[in-house]
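Student: Chains as they are written, first to last, in numbering that gives the first Met the number 0: chain A, 0 to 261; chain B, 0 to 165.
We put the beta carbon where it would ideally sit given N, CA and C, even for glycine.
Sharing a structure here in structure tokens format.
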Amino acid sequence: MNHLTEEQFEDIMQGLLPEPEHLTDCDLCRELLAEKKAIANRMRSAFDSVKPDKRLANNIRMQLTDKAVSEQPQSARRLSNIRFKRMAWPAAAAAVLVMAVILGVYVISPSSAMAARAELVKIHNHNLSTDHEHEFYSEADPVKLAEYFKSKLGFSPSMPITDQGMALRGCCVRHFRGQVVGSYVVDTPQGIMSVIVVTDKPETLGMGGKFECQGRVFWKSSFAKCDMVTVRLGDYSYCAVGEISHEYLTELLSRLMPDTHQ
Amino acid sequence: MYRAAVAMCGDRDDADDLTQATFLKAFERFESFEKGTNCKAWLLSILRNKWIDLMRHRNTVGQILQIDENIVAGQEQNDEIKYSNCEDLLANFSDEQIIKALRSLPAEQRFPLFLVDVEQLSHEDVAEIMDMPIGTVKSRTSRARAILRTKLFSHAKEMGFTGGER
Ligand SMILES: [Zn+2]
């Protein structure tokens, strides 16, 4: 009796070959096949428990967003010191989209409109980053944060009254579209939010949906896993960014007073 | 992708680095990806190359890539342990022990085995990722599984695991 060959076993395992009659007659080959299948199944189940650290996905997301941002055309970025790299912007955007789908962490529209939103999310990610490469002023006292902003930006942006489980975490001065902008971070019951204060009008930030709430006009959008809502107060646009619902971000921005710039 | 990195690397930190390096490389090389082809296979081949780079960096790739097929065949024959209920026996092992046993195989065997048995890729895809003929994929997979079996069964014997020993 000729036993099954290694190749036949492999083809049967892959479902390329129907189980031959030999298997009904030969205990040895039948047991061998059962053993191979059992090992394959056990390995598969062993790897089911292997899950990447949340931090890893976050790091990769940050790095890809960094790359996507640095590889967009200069016209969109208005930064003269960023070299235009090898890859064309649409290809870079498409690459982020593909990576995103594989990582399962991104929801991205591959258009140039995402440039500003990508930068906003990047600022938010940097605010959350625990490495101290990025200068972050950890402080919960709004008075001290206001002083910090005033020294760095010449003005202090409006900050929400923090109650109901909300607390200020700190602030940072970052670059957005080649300009120095301020951002602060708020811990909320629904997650961590960055508020980034820019001079650009909401219409130019690639924000999609314009809507009204309590007599004020807001713009909402999304990038990567983050939702964002923008409101215009005086000469500044306040962009709230986080893995938080649009409704909640809107509610938080509604607490900002239009005349509190100092 | 992360699972593949874990299968290839000795520890989780290396697996993190490898996953990260793979995605960044894939991003850079995105233009070389042919639409309509298997994206997972494309990424896995980048991962494999990145892993080789990593090992080369540590000057160990030569040792790892050299497989003595005779040793493999020998190990296969040395083992006479038989269990009538393999499934029950394997259930005694923790996930970590199973992965550790897989990791102890030579890289050029464990990766095809991982791709075929865990990722359930076709022999054709694995041949492309590993840059080797389909026949070699089949024989490597089969032998790798046989060595793994030997390792697991002898460990089971040491530990006194039961699974219908006869
Ligand atoms: Zn037989």
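Once you ignore the five residues that flank A239(A) on each side, which residues in its own chain have a CB closer than 7 Å to its CB?
Tutor: If we look at A239(A) and ignore the five residues flanking it on each side, its Cβ neighbours are M192, V194, M227, V228, L248, L251 and L252.
Student: Which partner residues does R231(A) have in the DSSP bridge list?
Tutor: According to DSSP, which records beta bridges pairwise, R231(A) is partnered with S236(A).
Student: Is it true that the CB of T203(A) sits closer than 8 Å to the CB of V185(A)?
Tutor: Not a contact, by the Cβ cut-off of 8 Å.
Student: How would you write the range of the alpha helix (DSSP H) that H146(B) sits in, first residue to last?
Tutor: Reading the sequence as shown, one finds Ile at residue 146(B) and not His. Segment I133 to M158, the alpha helix (DSSP H) holding I146(B).
Student: With a cut-off of 8 Å on the beta carbons, I'd call A6(B) and L101(B) a contact; round off their distance for me.
Tutor: With 8 Å as the limit, A6(B) and L101(B) qualify as a contact, their Cβ atoms being about 6 Å apart.
Student: Whose C-beta lies closer than 8 Å to the C-beta of C38(B) among residues of the same chain, with five residues either side of it excluded?
Tutor: Here the set comprises F32.
Student: Assign I70(B) to one of two classes, buried (16 or more other C-beta atoms within 10 Å of its C-beta) or exposed (fewer than that).
Tutor: Low local confidence applies: a pLDDT of 40 at I70(B) is under 50, so the model's placement there is unreliable, and no value is given.
Student: Out of E30(A), D234(A), K50(A) and I38(A), point me to the one whose CA is closest to W146(B)'s CA.
Tutor: Per the sequence shown, the amino acid found at residue 146(B) is Ile instead of Trp. Ranking the options by Cα distance to I146(B), first place goes to I38(A).
Student: Comparing the C-beta of M61(A) with each C-beta of chain B, is any distance below 8 Å?
Tutor: Output row for M61(A): interface = no.
Student: Can you tell me whether Y105(A) is helix, strand or coil according to DSSP?
Tutor: Residue confidence for Y105(A) is low, a pLDDT of 35 falling below 50, so the modelled location carries little weight; the figure read from the coordinates is stated next. Note: Y105(A) maps to coil in three-state DSSP.
Student: Alpha carbon to alpha carbon, how far is L114(B) from D78(B)? Give it in angstroms, no decimals.
Tutor: Low confidence applies to D78(B): its pLDDT is 47, below 50, so where it sits in the model is not reliable enough to give any reading.
Student: Which residue or residues does DSSP assign as beta-bridge partners of H174(A)?
Tutor: DSSP, once it has assigned bridges, lists V179(A) as partnering H174(A).
Student: So what's R168(A) in DSSP terms, helix, strand or just coil?
Tutor: If DSSP states are grouped into helix, strand and coil, R168(A) belongs with the strands.
Student: If you draw a straight line from the alpha carbon of L43(B) to that of D47(A), how long is it in whole angstroms?
Tutor: The straight-line gap from Cα to Cα measures roughly 18 Å.
Student: What is the DSSP secondary structure of E134(A), counted as helix, strand or coil?
Tutor: E134(A): coil per DSSP, three-state reduction.
Student: Does any heavy atom of ligand 1 sit closer than 7 Å to the C-beta of L27(A)?
Tutor: The answer is yes for L27(A).
Student: Count the other CB atoms, across all protein chains shown, that sit within 10 Å of the CB of N124(A); report buried if there are 16 or more and exposed otherwise.
Tutor: That one is buried.
Student: Specify the secondary structure class of C8(B) as computed by DSSP and reduced to three states.
Tutor: Residue state, collapsed to three classes: coil.
Student: From the DSSP output, which residues share a beta bridge with R128(A)?
Tutor: What sits at residue 128(A) in the sequence shown is Ser, not Arg. DSSP lists no partner for S128(A).
Student: Relative to the alpha-carbon of G164(A), which residue among G190(A), E34(A), S182(A) and E30(A) has its alpha-carbon at the smallest distance?
Tutor: Of the listed residues, the one whose Cα sits closest to G164(A) is G190(A).
Student: When DSSP labels each residue in this structure, what does M192(A) get in the three-state scheme?
Tutor: Strand, per DSSP.
Student: Note down, in chain order, every chain A residue with its Cβ under 9 Å from the Cβ of Q19(B).
Tutor: Result: L55, N58, I59 and Q62.
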